[in-house]
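2 protein chains.
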Amino acid sequence: MASPKSAPAADRKARLSRELVLATALELVDAEGLDALTMRRLGQELGRDPMSLYRYAENRAALLDGVSELVLNELPVHEEDPDWKAQLRQIAHNLRLLALQHPNVVPLLVTRPLSTPLGLRPLGTLRPLEQILALLVGAGFSPADALHVYRAYYGFLYGHILNELQEFVVDPEENEVLLRLGLHRLPAKEFPLLRALAPALAEYDGSAELDQGLTILLSGLESQLSLQPAHSPA
Amino acid sequence: MASPKSAPAADRKARLSRELVLATALELVDAEGLDALTMRRLGQELGRDPMSLYRYAENRAALLDGVSELVLNELPVHEEDPDWKAQLRQIAHNLRLLALQHPNVVPLLVTRPLSTPLGLRPLGTLRPLEQILALLVGAGFSPADALHVYRAYYGFLYGHILNELQEFVVDPEENEVLLRLGLHRLPAKEFPLLRALAPALAEYDGSAELDQGLTILLSGLESQLSLQPAHSPA
DNA sequence: ACCTGAACACCGTTCAAGT
DNA sequence: ACCTGAACACCGTTCAAGT
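So the protein sequences, as listed, match chains A and B. Numbered by our numbering, the letters in the first sequence go through residues 293 to 526 in order. Numbered by our numbering, the letters in the second sequence go through residues 293 to 526 in order.
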């Protein structure tokens, strides 16, 4: 109907490339969830023999890795920023938005690294880590301290995203609070507190909560680490 | 070989029950990973027709929910403990150990809640939440504050587990540091810091890190919340 | 040398046929 | 009413056969 170039899926005979394959895979996951991403279905979406996809991804698993790589690459890290706290804050908010934009990819982001040793992971998923380490080292942290900061930061950030997405409901039409959360189904005897918290749950402001947590975490890390002898800054 | 009662899997003709089905499913996941948990394979493990499993779980998805429920039920919460910080600390360490004992289940714990609205989740997975809220309210927090504390705590805890399991390598035989982490494969130009941190990564002490983080988090939460008017304690 | 697609060994789930 | 298992509509991946 529309111009044949508007969507990769419709552009049946574009020359295949890893980029096109992964972009189409991401579209599919965003639109229909992880289960819809099969070799056969993706082949169909691209108007190609499913077998041809094995030129661009060794595996279905590699395809999944490729998708999370693609999403993580949308996350810019300015490692030269002299204000590491401001930069970490910005990255956190950007990652949060990315997660909200691609909720179906979050399980991948969180889960894929668990099945592959650090050094064998796709480079695209390791780059943000290296860049954040560089940011911190550039700001005067020792590499070991930078690792420590990274871990606290990353743990908090992923924890927050899991928290927020758990309470996020896809269909915003159904806005009757109790119905949305389905809390009315819980036995009142066993879950009095949870049921009573329905309004509080509905009012959850993820961005504010993230920001508040970051403030505490970053100042905590700063005070903890500034006691130690500083590296000479670049 | 051994007594036919020793392992469910060997005890071919035990009467089926939800408990037996889920326990066998967990064994299978622990031993061979999530992908090995199929209706057909589980039926085989139990010596039954795969279709008979649909009496105990509506779905494969329900089976997965059942497995995470089973693991979470191994987590005792003493909601009457007057020292909420000590109790949260203990729960955290217990959950960490549970995660290390069942690493293949962690993706389920982290991921399943993302696909089901709060109120439709299996009660077993909601009970720890309700119990922790009760613990906090019992200690004098308002319900809304309790929710806030729970979220910070839960986020931190799951973030930590994801962190630790990412660096955890299953096969401890292969103990040459660089090989274990596979870091030598990374291009030195692009990943100088990450490569240099191999020894630090190998020395990671999850329990100590968890404990340190908890100390900061809990005292932060306490000081933040004790400024507000306290509820009358039970 | 490259690409295609038939074939294999699996899946989850439905539902008709048996008891 | 309950249980069984054949059948359906899918999977990922291998590899022989074509070009």
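All C-beta atoms, glycine included, are put in the ideal place defined by N, C-alpha and C. Predicted model only: the values in this text are computed from it and were never measured.
Exercise. State yes or no: is the C-beta of B/L449 within less than 9 Å of the C-beta of B/R388?
Key: Numbered from its first residue, the second sequence carries residue 449 of chain B at position 157. Numbered from its first residue, the second sequence carries residue 388 of chain B at position 96. Contact: yes.
Please work out which residues of its chain come closer than 7 Å, Cβ to Cβ, to B/G416, disregarding the five sequence neighbours upstream and downstream, and give them in chain order.
Looking up residue 416 of chain B in the second sequence gives position 124. In chain order, E361, L364, N365 place their CB closer than 7 Å to the CB of B/G416, counting only its own chain and leaving out the 5 sequence neighbours on each side.
With DSSP collapsed to three states, give me the class of A/A480.
Position 188 of the first sequence, counted from the start, is the residue given in the question as residue 480 of chain A. In this structure, A/A480 counts as coil in the three-state DSSP scheme.
Taking the C-alpha atoms as reference points, what is the distance between A/S524 and A/L314? Residue numbering aside, residue 524 of chain A sits at position 232 when the first sequence is read from its first letter. Residue numbering aside, residue 314 of chain A sits at position 22 when the first sequence is read from its first letter. Low per-residue confidence applies at A/S524: pLDDT is 47, beneath 50, and the placement is therefore not dependable enough to give any value.
Residue-level contact to chain B via CB, A/T403, 9 Å cutoff:
Within the first sequence, the letter at position 111 stands for residue 403 of chain A. Yes - at least one Cβ of chain B is within 9 Å of the one on A/T403.
Q.
Within the continuous alpha helix (DSSP H) that includes B/S407, where are the two ends?
A. Stepping through the second sequence from its first residue, residue 407 of chain B is reached at position 115. Looking at the DSSP string, B/S407 is not in any alpha helix (DSSP H), and its letter there is neither H nor E.
Next on the checklist: Going by DSSP, what residue range makes up the alpha helix (DSSP H) through B/L449?
Outcome noted: Within the second sequence, the letter at position 157 stands for residue 449 of chain B. First-last of the alpha helix (DSSP H) with B/L449: 435-459.
Considering only C-alpha positions, which residue in the set A/T316, A/G474, A/A492 is nearest to B/P409? Stepping through the second sequence from its first residue, residue 409 of chain B is reached at position 117. The option with the nearest alpha carbon to B/P409 is A/G474.
**Boundaries of the alpha helix (DSSP H) in which A/S360 is found, first to last residue** = Looking up residue 360 of chain A in the first sequence gives position 68. Counting along the chain, the alpha helix (DSSP H) containing A/S360 begins and ends at 352-364.
Worksheet item: Is any beta-carbon of chain B found at less than 9 Å from that of A/G432?
Response: Indexing the first sequence from 1 puts residue 432 of chain A at position 140. Closer than 9 Å: no.
Should B/A500 be labelled buried (16 or more other beta-carbon atoms within 10 Å of its own) or exposed? As a working note, residue 500 of chain B is residue 208 in the second sequence. B/A500 comes out exposed.
Using a C-beta to C-beta distance shorter than 8 Å, which residues of chain A count as neighbours of B/A436? By one-based count along the second sequence, residue 436 of chain B stands at place 144. Within 8 Å of the CB of B/A436, the CB atoms of chain A belong to L489, A492, in sequence order along the chain.
Under 8 Å by beta carbon: chain A residues contacting B/Y446: As a first step, residue 446 of chain B is located in the second sequence; it is residue number 154 there, counting from the start. G451, N455, listed in chain order.
- Task: Go through its chain and collect everything with a Cβ distance to A/N386's Cβ below 8 Å, but skip five positions before and after it.
- Result: Counted from its first residue, the first sequence places residue 386 of chain A at position 94. Excluding its 5 nearest sequence neighbours in each direction, A/N386 has C-beta neighbours in its own chain below 8 Å: L367, P368, listed in chain order.
Could you pull out every residue in the same chain whose Cβ sits closer than 8 Å to the Cβ of A/L509, ignoring the five residues on either side in sequence?
What you label residue 509 of chain A is simply residue 217 of the first sequence in a count that begins at 1. For A/L509, where only same-chain residues beyond five positions count, the Cβ hits under 8 Å are A444, Y445, F448.
Selected residue, minimal CA-CA separation from A/L308, among A/G325, A/P342, A/A323: Position 16 of the first sequence holds residue 308 of chain A. In terms of Cα proximity to A/L308, the closest of A/G325, A/P342, A/A323 is A/P342.
At least one CB of chain A closer than 9 Å to the CB of B/P374: is that the case?
-> Within the second sequence, residue 374 of chain B is the residue found at index 82, counting from 1. Closer than 9 Å: no.
**Asked** How about A/I383: is its C-beta nearer than 9 Å to some C-beta of chain B?
**Response** Start at 1 with the first residue of the first sequence, and residue 383 of chain A comes out as number 91. No, because no Cβ of chain B sits closer than 9 Å to the Cβ of A/I383.
B/D357 burial status per 10 Å Cβ neighbour count (16 or more: buried): In the second sequence, residue 357 of chain B corresponds to position 65, counting from 1. Label assigned to B/D357: buried.
Neighbour flag for B/Q458 against chain A, beta carbons, 9 Å
Your numbering for residue 458 of chain B matches position 166 in the second sequence. With 9 Å as the cut-off, B/Q458 counts as an interface residue toward chain A.
List the residues of chain B that A/E482 touches, going by C-beta distances under 8 Å, in chain order.
-> The residue you call residue 482 of chain A lines up with position 190 of the first sequence. L415, R419, E422, listed in chain order.
Taking DSSP as the reference, what is the three-state secondary structure of A/R340?
-> On the first sequence, position 48 is the one that residue 340 of chain A refers to. If DSSP states are grouped into helix, strand and coil, A/R340 belongs with coil.
Could you list the residues in the segment 352-373 of chain A with a C-beta less than 9 Å from some C-beta on chain B, going in chain order? Hits within the stretch: zero.
### Message
Determine whether the beta carbon atoms of B/A328 and B/D375 lie at a separation below 9 Å.
### Response
Working through the second sequence from its first residue, we reach residue 328 of chain B at position 36. Working through the second sequence from its first residue, we reach residue 375 of chain B at position 83. In this structure, B/D375 does not lie closer than 9 Å to B/A328 by Cβ.
- Tell me whether A/T417 sits in a helix, a strand or coil according to DSSP, three-state version. Taking the first residue of the first sequence as position 1, residue 417 of chain A is located at position 125. Note: A/T417 maps to helix in three-state DSSP.
*Within its chain, find whatever has a CB closer than 7 Å to the CB of B/N396; leave out the 5 residues flanking it on each side and keep chain order.*
What you label residue 396 of chain B is simply residue 104 of the second sequence in a count that begins at 1. Only V321, D322, G325, L326 meet the Cβ criterion.
* Asked: Would you report the Cα separation of A/L380 and B/Q336, rounded to the nearest angstrom?
  -> Position 88 of the first sequence, counted from the first residue, corresponds to residue 380 of chain A. Position 44 of the second sequence, counted from the first residue, corresponds to residue 336 of chain B. Their backbone Cα atoms lie some 50 Å apart in a straight line.
Name the two residues that bound the continuous alpha helix (DSSP H) containing A/A369.
-> As a first step, residue 369 of chain A is located in the first sequence; it is residue number 77 there, counting from the start. The amino acid occupying residue 369 of chain A in the given sequence is Val; Ala does not appear at that position. Segment: none, A/V369 is in no alpha helix (DSSP H) and carries neither H nor E.
For A/N351, is the classification buried or exposed, using 16 other Cβ atoms within 10 angstroms of its Cβ as the cut-off for buried? Taking the first residue of the first sequence as position 1, residue 351 of chain A is located at position 59. By the Cβ-count criterion, A/N351 is exposed, with fewer than 16 other Cβ atoms from all chains shown falling within 10 Å of its own Cβ.
Q. Starting from B/H394 and walking both ways along the alpha helix (DSSP H), at which residues does that stretch end?
A. Numbered from 1 along the second sequence, position 102 holds the residue referred to as residue 394 of chain B. Following the DSSP letters along the chain, one finds B/H394 in no alpha helix (DSSP H), marked with neither H nor E.
Alpha carbon of A/S298 to alpha carbon of A/T316, nearest angstrom: On the first sequence, position 6 is the one that residue 298 of chain A refers to. On the first sequence, position 24 is the one that residue 316 of chain A refers to. Any reading at A/S298 must be qualified, since the residue scores a pLDDT of 36, below 50, and its modelled position is unreliable; the value itself is stated next. Answer to the nearest angstrom: the Cα atoms are 12 Å apart.
- Task: Whole angstroms is fine: what's the gap from B/A302's alpha carbon to B/E371's?
- Result: Sequence index remark: in the second sequence, residue 302 of chain B carries index 10 (1-based). Sequence index remark: in the second sequence, residue 371 of chain B carries index 79 (1-based). Low confidence applies to B/A302: its pLDDT is 42, below 50, so where it sits in the model is not reliable enough to give any reading.
- Task: Label A/E495 either buried or exposed according to how many other C-beta atoms from any shown protein chain fall within 10 Å of its C-beta, with 16 as the threshold for buried.
- Result: What you label residue 495 of chain A is simply residue 203 of the first sequence in a count that begins at 1. The residue in question, A/E495, is exposed, as its Cβ has fewer than 16 Cβ neighbours within 10 Å.
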